[in-house]
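Per the numbering used here, the very first residue in the sequence shown carries number 1; after that it's consecutive.
A virtual CB, placed ideally from N, CA and C, is assigned to each residue, including glycine.
Note that the structure is a prediction, hence the values are computed from the model and not measured.
Heads up, the thing below is written out as structure tokens.
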Amino acid sequence: MKFSFRPVEGAFYDLFTKAAQNLVKGTELLNELALPGVDVQSVSERLTDVEHDSDQITHELYRKINSTFITPFDRADIYSLGSQLDDVMDHLEAVGNLLYLYGLTELPSLPREMHELITVLDQQAKLTAEAMPNLRSMKGLDEYWIEINRLENDGDRAYRMLLVRLFSGEYDALTVLKMKEVADELEAACDAFEHVANTVETIAVKES
């Protein structure tokens with residue numbers, strides 16, 4: 001039997017889970033952009049609200065780190081995981097805000113590859129939300145980070161194909177510049193999910 005001198009501090013796991021569940025809310029909002037007649041301003045505003053919730057969760061996590069004498073695992077890893085979950089939400093919010101502010105949803109349709117990237121993000125968000133409670137036992141996490149990495153590769157391929165379309169001459173130069181910025185945020189969000197998974201892997205290896 002493995003003994004641990006560290007207390008089981010449930011608040012940390014709860015906060016990680018809440019932060020990951022917020023990411024699911026964020027990707028679900030981005031999925032609304034594919035619906036006909038969607039109110040893009042509403043989507044953007046609700047994404048901002050979810051991002052504010054995520055900020056509050058992150059600040060609560062930091063306060064908990066500073067007020068807890070012995071943490072469930074390394075303080076630096078707790079800080080890193082919380083910060084990276086917040087980074088994902090920042091990118092998701094940026095996607096919605098840019099689409100609205102740049103008026104890109106007034107186009108006849110957004111590129112298919114952009115929706116493919118959002119689908120990848122939605123899958124990554126759901127996997128991350130399912131994985132966070134497993135930090136308590138450190139079991140079943142290897143499947144999570146392997147799948148996140150596979151999805152990140154799918155996202156990279158969709159991003160490259162999106163760039164091919166953007167520079168194919170289908171869009172005017174100003175629209176290309178706007179959509180390239182959105183594409184970069186989508187790709188950054190995919191990468192940020194992978195950073196979360198890599199940190200979870202690091203924690204699991206240390207605690208094994």
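Requested in this report: Taking G207 as the reference, give the member of S83, R136, D191 with the closest Cα.
Outcome: According to the sequence as given, residue 207 is Glu; it is not Gly. Closest option to E207, judged by alpha-carbon separation, among S83, R136, D191: R136.
Query raised in the report: Do the CB positions of D87 and T58 come within less than 7 Å of each other?
Result: No, Cβ-Cβ distance for D87 and T58 is not below 7 Å.
Requested in this report: Specify the secondary structure class of M138 as computed by DSSP and reduced to three states.
Outcome: Three-state result, M138: coil.
Query raised in the report: For H52 versus A189, is the C-beta spacing smaller than 7 Å?
Result: Between H52 and A189, the C-beta spacing is not below 7 Å.
Query raised in the report: What separation, rounded to the nearest whole angstrom, lies between the Cα atoms of M138 and A173?
Result: Their Cα atoms are separated by approximately 49 Å.
Query raised in the report: Taking C-alpha atoms, which residue in D142, F167, S109, V205 lies nearest to P36?
Result: For the set D142, F167, S109, V205, the Cα lying nearest the Cα of P36 is the one of S109.
Query raised in the report: The alpha helix (DSSP H) spanning V40 covers which residue range?
Result: Its alpha helix (DSSP H) spans residues 40-67.
Query - C-alpha gap between G229 and N22, whole angstroms - result: Nothing can be reported for residue 229, as the shown portion of the chain is limited to 1 through 208.
Query raised in the report: So does the stretch 147-163 actually touch the stretch 110-124, counting three or more Cβ pairs closer than 8 Å?
Result: Under the three-pair Cβ rule at 8 Å, the stretch 147-163 counts as touching the stretch 110-124.
Query - Segments assigned alpha helix (DSSP H), at least 4 residues, entirely inside the stretch 98-160 - result: The stretch 98-160 contains these whole alpha helix (DSSP H) runs: 112-131.
Query raised in the report: So what does DSSP say about T17, is it helix, strand or coil?
Result: Helix.
Query raised in the report: Mind checking I78: buried by the 16 CB within 10 Å criterion, or exposed?
Result: In summary, I78 is buried, with 16 or more beta-carbon neighbours lying within 10 Å of its beta-carbon over all protein chains present.
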